[in-house]
Amino acid sequence: MSIYEFTAAKPDGSIYPLSEYEGKTMLIVNTATKCGLRDQFDGLENLYKKYEKDGLVVLGFPSDQFGQELDGAEEAEQSCRMNYGVTFQMHDMVKVNGKNAHPLFKYLTDNSKGFLGSSIKWNFTKFLVDKEGNLVARFSPKDKPETFENEIKQVLTK
Numbered sequence: 001m002s003i004y005e006f007t008a009a010k011p012d013g014s015i016y017p018l019s020e021y022e023g024k025t026m027l028i029v030n031t032a033t034k035c036g037l038r039d040q041f042d043g044l045e046n047l048y049k050k051y052e053k054d055g056l057v058v059l060g061f062p063s064d065q066f067g068q069e070l071d072g073a074e075e076a077e078q079s080c081r082m083n084y085g086v087t088f089q090m091h092d093m094v095k096v097n098g099k100n101a102h103p104l105f106k107y108l109t110d111n112s113k114g115f116l117g118s119s120i121k122w123n124f125t126k127f128l129v130d131k132e133g134n135l136v137a138r139f140s141p142k143d144k145p146e147t148f149e150n151e152i153k154q155v156l157t158k
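Using the numbering used here, the first residue of the sequence shown is number 1, and each one after it goes up by one.
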């Protein structure tokens, strides 16, 4: 299965195929606006603005699986836009672990290993996908976006 076969829902519920990003480098992140790591929104936005012209897209997926997100996706998106200046694409609320995990996150976790095996340990786990749709790296919640900027640059130039 390819990452381009998945769909995602925007905060308003409209669904689109990830194949829209074919030929782009994707950084996929599970987010939470009330998480202690929420300052990473700034780093994610900075990377997005810096490398968008080179083909980087950042995709934020709010999740309340760890009890640190607002009541709904539109509220989470609004908070990200107003409080953190986020301009990258945010999505509908998702589960990232367990039997009800969003299929995209099931795919990402099945094809990468983190500290807890394939499960996502916490908010702000980040997955880097190359232009061909291959999962090339997984970054832990504590890995600030600026610490893996070189990896992103390498993927963008391949």
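A virtual CB, placed ideally from N, CA and C, is assigned to each residue, including glycine.
### Query
Hey, how far is the Cα of Ser14 from the Cα of Phe105?
For this step, residue 14 is matched to residue 14 along the sequence shown. For this step, residue 105 is matched to residue 105 along the sequence shown. For Ser14 and Phe105, the distance between alpha carbons rounds to 19 Å.
### Message
Is it the case that the region 85-92 contacts the region 128-136, given that we only count it when at least three CB pairs across the two stretches are under 8 Å?
### Response
no
### Message
Which complete beta strand (DSSP E) runs does the region 3-40 hold, if anything under 3 residues is left out?
### Response
7-9, 15-17, 25-31
### Task
Could you name the residues of the same chain whose beta carbon sits closer than 6 Å to that of Glu20, not counting the 5 residues immediately before and after it, in chain order?
For the purposes of this step, residue 20 is taken as the residue at position 20 of the sequence shown. Closer than 6 Å at Cβ, skipping near neighbours: no residue.
### Query
Under three-state DSSP, which class holds Phe148?
Counted from its first residue, the sequence shown places residue 148 at position 148. The answer is helix: DSSP assigns Phe148 an H, G or I state.
### Message
Given this structure, state the Cα-to-Cα distance separating Lys99 from Leu135, to the nearest angstrom.
### Response
The residue given as residue 99 occupies position 99 in the sequence shown. The residue given as residue 135 occupies position 135 in the sequence shown. Whole-angstrom Cα-Cα distance: 22 Å.
### Message
Helix, strand or coil for Met82? Go by DSSP, reduced to three states.
### Response
Numbered from its first residue, the sequence shown carries residue 82 at position 82. Here Met82 sits in helix by DSSP.
### Spatial distance of Thr7 from Tyr16 (CA atoms)
Indexing the sequence shown from 1 puts residue 7 at position 7. Indexing the sequence shown from 1 puts residue 16 at position 16. Approximately 5 Å, taken between the alpha carbons.
### Message
In whole angstroms, give me the CA-to-CA distance for Tyr48 and Asp64.
### Response
Reading the sequence shown from its first residue, position 48 is the one you call residue 48. Reading the sequence shown from its first residue, position 64 is the one you call residue 64. So the two alpha carbons sit approximately 24 Å from each other.
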